[in-house]
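Taking our numbering as reference, the numbering of the sequence shown is continuous, increasing by one, and the terminal residue is 379.
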Amino acid sequence: MTSRILIIEDEADLAATMAYSLGREGFAASTADTGARALELVHAGGPVPDLILLDLNLPDMSGTEVCRRLRAESRTRSVPIVMVTARSDEIDRVVGFEVGADDYVTKPFSMRELLLRIRAVLRRAHPGEAPATPSERATATAQPGEQVLDVGRLKIDPGAHKVWVDGKQVHLTALEFRLLQTFVERQGRVQTRDHLLSDVWGIDAEITTRTVDTHVKRLRDKLGAAGTYIETIRGVGYRFQLEPDES
């Protein structure tokens, strides 16, 4: 199945180059040169993009505001978003992840790097629908025999990136799924915010940030009754535990 990618970029030449390169790789690419046009396209009632490439410096509104609006709508809440921007400061990356981005690519970049990032994000969000390139297949590590996990009220299918709470499926973004999977794999062990930023987001942060807190809150809200499994350890971080510590 052809993956649909929306490019939100006001530099016409760059947008055209990206669309052409993505088309050669088998993707169906469309473009929008303003935030308003992009929001109009995704809410027009047609097919929702499988992934969005989002520039932060748009002429009518910031890319972070576009990201916030996309995450606030049920129709686009789970669509993977890759921010593509000239802003390379760590604080900009942190803010990008905080508002809901799944990955962050800084300009200038090679199309090869961008394609690798796109395929990686699509594989996490839509397992089986984004085939790897030959070079990726040659270097990929197989993950055979991943089993469905029953963890308290949760049922987790790592291979399909699906989660159920009390038998009802919960739709998580690729990043939220990685966060939950990290918690479950390290059940009973305290995870500091720095460790989570490094292991889940890929950020070696030396700054104070609410990125983890924001995403943990969203994850808890989506998990509903199972959200209580994620405990806040005041002043340290978080711990996933089926029976909260009463001490």
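The C-beta atom is built at its ideal place from N, Cα and C for all residues, glycine as well. Small disclaimer: the values here were computed from a predicted structure and weren't measured.
Mind reading off the beta-carbon distance from residue i to residue j? Whole number of angstroms is fine, and I expect it under 8 Å.
i, j, result
"ALA161", "ILE137", "5 Å"
"HIS293", "PHE309", "5 Å"
"HIS347", "LEU307", "7 Å"
"GLY167", "LEU190", "5 Å"
"ILE362", "ARG352", "6 Å"
"VAL227", "THR196", "6 Å"
Just to confirm my understanding: we take residue i, look at its own chain, exclude 5 residues before and 5 after, and list those with CB closer than 6 Å. What are they?
i, result
"PRO266", "Low local confidence applies: a pLDDT of 37 at PRO266 is under 50, so the model's placement there is unreliable, with the coordinate-based value given in what follows. Cβ within range, chain order: n/a, list empty."
"GLU141", "ALA147 and ASP187"
"GLY232", "CYS199 and ARG203"
"ALA218", "LYS239"
"ARG225", "TYR236"
Which residues does DSSP list as the beta-bridge partners of residue i?
i, result
"ARG371", "GLU363"
"THR381", "Not covered by the structure: residue 381. The range shown for the chain is 133 to 379."
"ILE184", "LEU138 and ILE213"
"ASP235", "VAL214"
"SER242", "None, per the DSSP bridge assignment."
"SER194", "ASN189"
With a CB to CB cut of under 8 Å and the five nearest residues on each side skipped, what residues in its chain are close to residue i?
i, result
"VAL328", "Position check: residue 328 holds Leu in this sequence, whereas Val was assumed. Result list for LEU328: LEU311, THR314, VAL344, GLY369 and TYR370, in chain order."
"PRO384", "The structure shown has nothing for residue 384, since the chain only spans 133 to 379."
"SER210", "ALA257, HIS303, LEU304 and THR305"
"LEU171", "VAL198, ARG201 and LEU202"
"LEU247", "SER153, LEU154, GLU157 and THR265"
Keeping to the same chain, check which residues put their C-beta closer than 7 Å to that of residue i; ignore five residues upstream and five downstream.
i, result
"ARG325", "VAL344 and GLY369"
"ARG249", "VAL214, ASP235 and VAL237"
Could one say the Cβ of residue i lies closer than 8 Å to chain B's Cβ atoms, at least one of them?
i, result
"VAL231", "The structure shown contains no chain B, having only a single protein chain."
Can you list, in chain order, the stretches of the alpha helix (DSSP H) that have 4 or more residues and sit fully within the stretch 277–337?
-> Runs found: 306–317 and 325–328.
Using 8 Å as the Cβ pair cut-off and three pairs as the minimum, do the stretch 230–246 and the stretch 169–179 touch?
-> No: the two stretches stay apart, fewer than three of their Cβ pairs being nearer than 8 Å.
Determine contact between the stretch 285–302 and the stretch 317–327, defined as no fewer than three beta-carbon pairs at a distance below 8 Å.
-> Flag = no, the stretch 285–302 and the stretch 317–327 do not touch.
Contact between the stretch 212–222 and the stretch 278–288 (3+ Cβ pairs under 8 Å) | Contact between the stretch 212–222 and the stretch 278–288 is absent: fewer than 3 CB-CB pairs across the two stretches fall below 8 Å.
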